[in-house]
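As structure tokens, the structure follows; a few thoughts come after it.
In mature numbering (1 follows the signal peptide of the UniProt record, and there is no 0), the protein residues as written are -22 to -1, 1 to 177.
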């Protein structure tokens, strides 16, 4: 009789444990897709040459970030190539001429390629890897980024060096025009990206 009671006690205890485990809520973090705030997001560009440099802004037209807790796990954004602005040239006529130059055939051909895109393919610690499509060519790039979560919004910031020659933008590059001298333009330009996402 005692052995039967013992068996029943063990069975009851096991049943209680199983029910308790089954009723424990799942605490795993769900992935959340947040729309990019295009007004709060921005890109600052900087391009250098032998005799100086130019800088400006370019708009993000759409995008999203995928988050899990306080971590970014994926996402993408679209850059409006027709929105390129130069902020350091104060002469209106020269500014217009400069923008006309970098948006046509010698550089980014924005009529043919009106947008560029970046899509995250991997996040490892502080490093983000993704596919950058620029001038109709897609390349994988990796760079460090900082992520901040506050007030229901996620902000990702990064300084991204881009070698334009890898995207078939060769104008003024010593890599292709060795005798260009002081008219050379650096192959690498920099994009300081601030991406704000959330409702």
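We treat Cβ as the ideally placed atom computed from N, Cα and C, and that holds for glycine.
Assumed close pair residue i, residue j - CB separation to whole angstroms, cut-off 8 Å
| i | j | result |
| --- | --- | --- |
| residue 34 | residue 63 | 5 Å |
| residue 175 | residue 131 | 7 Å |
| residue 96 | residue 113 | Actually they do not touch by this definition, with Cβ atoms about 14 Å apart. |
| residue 80 | residue 21 | Between residue 21 and residue 80 the Cβ distance is about 15 Å, and since that is not below 8 Å, they are no contact. |
| residue 54 | residue 119 | Rounded, the Cβ-Cβ distance is 14 Å, inconsistent with contact. |
| residue 154 | residue 24 | With a Cβ gap of about 22 Å, residue 154 and residue 24 do not count as contacting. |
| residue 48 | residue 127 | 5 Å |
| residue 42 | residue 11 | 5 Å |
| residue 76 | residue 59 | About 15 Å separates the two Cβ atoms, so there is no contact after all. |
| residue 162 | residue 148 | Going by Cβ atoms, the distance from residue 162 to residue 148 rounds to 12 Å, so no, they are not a contact pair. |
| residue 135 | residue 82 | Actually they are not in contact, since the Cβ atoms of residue 135 and residue 82 sit about 31 Å apart, beyond 8 Å. |
Residue environment, residue i, which counts as buried when at least 16 other CB atoms sit within 10 Å
| i | result |
| --- | --- |
| residue 69 | exposed |
| residue 145 | buried |
| residue 45 | buried |
| residue 66 | exposed |
| residue 38 | buried |
| residue 115 | exposed |
| residue 257 | Past the edges of the chain, shown from -22 to 177, lies residue 257, and the structure says nothing about it. |
| residue 108 | buried |
| residue -8 | In this prediction, residue -8 has a pLDDT of 34, which is less than 50 and means its spatial position is unreliable; nothing more can be read from the coordinates. |
Paired residues, beta bridge with residue i - DSSP
| i | result |
| --- | --- |
| residue 46 | 49 |
| residue 178 | Limits of the chain in this structure are -22 at one end and 177 at the other, which puts residue 178 out of reach. |
| residue 55 | 41 and 96 |
| residue 116 | 111 |
| residue 102 | 105 |
| residue 34 | 23 and 64 |
| residue 121 | 106 |
| residue 127 | 132 |
| residue 163 | 27 |
| residue 174 | 133 |
| residue 14 | 175 |
Nonlocal neighbours in the same chain, by C-beta distance under 7 Å from residue i, ignoring five residues either side
| i | result |
| --- | --- |
| residue 111 | 94 and 95 |
| residue 141 | 165 and 166 |
| residue 4 | Because residue 4 carries a pLDDT of 39, less than 50, the predicted location of this residue cannot be relied on, and no value is offered for it. |
| residue 158 | 150 and 152 |
| residue 84 | 149 |
Neighbourhood of residue i by C-beta, 8 Å cutoff - its chain only, sequence neighbours within 5 removed
| i | result |
| --- | --- |
| residue 160 | 28 and 29 |
| residue 164 | 25, 26 and 27 |
| residue 143 | 151, 153, 154 and 165 |
| residue 8 | 46 |
6 Å Cβ shell around residue i - same chain, five flanking residues per side excluded
| i | result |
| --- | --- |
| residue 170 | 22 and 137 |
| residue 15 | 174 |
| residue 32 | 25, 64 and 66 |
| residue 139 | 166 and 168 |
| residue 122 | 104 and 105 |
| residue 13 | 42 |
| residue 61 | 36 and 37 |
CB contact below 7 Å: residue i versus chain B
| i | result |
| --- | --- |
| residue 153 | The displayed structure is made up of one protein chain only, and chain B is not part of it. |
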